[in-house]
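Numbering (the working numbering), first residue to last: 3 to 224.
Idealized CB from N, CA, C, for every residue including glycine.
Each remark here refers to the structure printed beneath this line.
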């Protein structure tokens, strides 16, 4: 998410609860995919697919405190959050519920699995670095500040970078046309989300200088 929480504005209960409802959908879809692959777990590739589904469910579980945390301030903006959350759920659902393209096991399949794990780790480190300043929603605390240490020394949005990397790895393993198309949609949604947040972040003291020296997601690229 962003390096600070943003200024409170108008919001609705739906804006707060919709991501939580999408979380439930993600659990159901991933759980269904897990059961499907467990039924064929005699094949190594299906066994690894089941393990990845378990890891994704674990990732969702780790973020429960943030996903279901409410704030005293209403969200300043929610449209891009809902788009981003829906694209994420659609991407993982299409991946885990679709047929595997691999007939036999290959050690090369560990590459996308490793990218997935690395992306999740990066995101969790970023969330931990922000601590109570992290939020799925765009709100603002009275003692907000620009975080420039930890993984934020390298890029401005490591949590989004981790989110995108994790899904690149996840989709790379399951690899079907629909999940690839939805991965592109997720990348677009994340881009819109970042640009929306940054239009609000520029008013935070010190953010303009920080942004001038740090890329958003990929150093030297964007």
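Residue 154: first and last residue of the uninterrupted alpha helix (DSSP H) it sits in: Unbroken run through residue 154: none, as it is neither H nor E.
Residue 149 versus residue 46: straight-line alpha-carbon distance, rounded: Rounded to whole angstroms, residue 149 and residue 46 show a C-alpha spacing of 43 Å.
The segment 204-211 contacting the segment 125-133, beta-carbon criterion three pairs below 8 Å: Judged by Cβ distances under 8 Å, the segment 204-211 makes no contact with the segment 125-133, as fewer than three pairs qualify.
Residue 100 versus residue 21 - alpha carbon distance: Those two C-alpha atoms are separated by around 23 Å.
Neighbourhood of residue 178 by C-beta distance below 6 Å, restricted to the same chain and skipping five residues each side: For residue 178, same chain residues with a beta-carbon under 6 Å away, outside a window of 5 residues either side, are 100 in chain order.
Secondary structure of residue 43, DSSP reduced to three states: In the structure shown, residue 43 sits in coil (DSSP, three-state: anything other than H, G, I, E or B).
Residues that residue 217 bridges to, as DSSP identifies them: Assignment of beta-bridge partners to residue 217 by DSSP yields 157.
Collapsed DSSP secondary structure at residue 65 in the structure displayed: In the structure shown, residue 65 adopts coil according to DSSP, grouped into three states.
Candidates 48, 62, 43: closest to residue 31 by CA position: It is 62.
Meets three-Cβ-pair contact criterion under 8 Å: the segment 34-42 and the segment 52-61: Touching, yes, given that three or more Cβ pairs across the two stretches are closer than 8 Å.
Residue 213 versus 161, 155, 95, 162, residue with shortest Cα-Cα distance: Cα-wise, what sits closest to residue 213 is 155.
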